[in-house]
Every structure is written in C-alpha cells, then in structure tokens.
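In what follows, a single structure is set out as structure tokens and then discussed.
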Amino acid sequence: KDKTFFEPFRRAGYTLRFQDDFKQLAGLQDLDPNHMGMVETVVASRGRKFSGTFRSTFSGYINRLRGYHGMSVTTSYYGSMGDRFKHHIWPAANIHSTNLDTYAKEWPDAWNGIDADVAPSKIEGTF
Numbered sequence: 026k027d028k029t030f031f032e033p034f035r036r037a038g039y040t041l042r043f044q045d046d047f048k049q050l051a052g053l054q055d056l057d058p059n060h061m062g063m064v065e066t067v068v069a070s071r072g073r074k075f076s077g078t079f080r081s082t083f084s085g086y087i088n089r090l091r092g093y094h095g096m097s098v099t100t101s102y103y104g105s106m107g108d109r110f111k112h113h114i115w116p117a118a119n120i121h122s123t124n125l126d127t128y129a130k131e132w133p134d135a136w137n138g139i140d141a142d143v144a145p146s147k148i149e150g151t152f
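Numbering (the numbering used here), first residue to last: 26 to 152.
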C-alpha cells in the first residue's frame, strides 16, 4: 500500500504505526477481513487523541468507547475545520434536544453516570 500521504507526519518527527506492522504479531493475516473494522474501532478508541468524521456513526462509536475508557471528549476532534471542536461543547440548555448537528454525536451522558453512581455532568477528566 502507498503510504506516502503520511510522510509529512514522519518528517515532522511522529512515529507512525500501521496495521501491517502488527499483522504477524496479532495474527491479523488469519482474521476474516470483514472483522477488521471491529479491530480498527478498538485500536482507535485507545489512542491519546482521535480525529473522526462529523455525522459518522463509526466515529461516534469510537468516541463512545473512549468515554467508557474514561478519556475526556477534549481529546477527540472532527476532521473538518468547521466542526473540529464540536465534540468539546456541552450545550447549556436541553442536552437531549435533537437536530441535524446532534444525531451523530456521542454525548458524555452516554458514559457518565451509567453505573448510577453520579448524574451526568461536566465531570472533570471525562468531559
């Protein structure tokens, strides 16, 4: 596969890892290719930062998993500049209102307080 798109990141000093780097170690060559999306979801959910696509249910699910892992929503971003920080906003009123901008977003109340130990809120470290 052509990975030249990522060269600017490598030149900037980032260490890059690709799925191919782990095929042998994780036995991915024996995995049904239809299951690879599930593997990618788990891997993406555990990164220090995540940049997804606004209105993508795939990105939304990754953000929900990140919340289950206790990661702050302020470590997740959307790829387009106009939507980049939308995941960082907790609406001041009527958090459960639905419109075109909210249906694909995973809200922190999907993971804050799910064990009935606290009410969903802007809990430091989870929001």
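Using N, Cα and C, we set each Cβ at its ideal position, and we do this for glycine too.
Query raised in the report: By Cβ distance below 6 Å, which residues in the same chain neighbour A135 in space, the five residues on each side in sequence not counted?
Result: Residue numbering aside, residue 135 sits at position 110 when the sequence shown is read from its first letter. The answer, listed in chain order, is R89.
Query raised in the report: Expressed to the nearest angstrom, what Euclidean distance is found between the alpha-carbon atoms of T99 and A51?
Result: Along the sequence shown, read from residue 1 onward, the residue named residue 99 stands at position 74. Along the sequence shown, read from residue 1 onward, the residue named residue 51 stands at position 26. Roughly 30 Å between the two C-alpha positions.
Query - Three-state class that DSSP yields for A118 in the structure shown - result: Taking the sequence shown and counting its residues from 1, one reaches residue 118 at position 93. With a pLDDT of 46 at A118, under the threshold of 50, the modelled position of this residue cannot be trusted; read the value that follows with caution. It is coil, neither helix nor strand.
Query raised in the report: For Y102, which of helix, strand or coil comes out of DSSP?
Result: Taking the first residue of the sequence shown as 1, we reach residue 102 at position 77. Three-state result, Y102: strand.
Report task. Figure out for me which residue from D108, G72, R73 and K48 has the closest Cα to the Cα of M61. Result -> Position 36 of the sequence shown, counted from the first residue, corresponds to residue 61. Nearest C-alpha to M61: K48.
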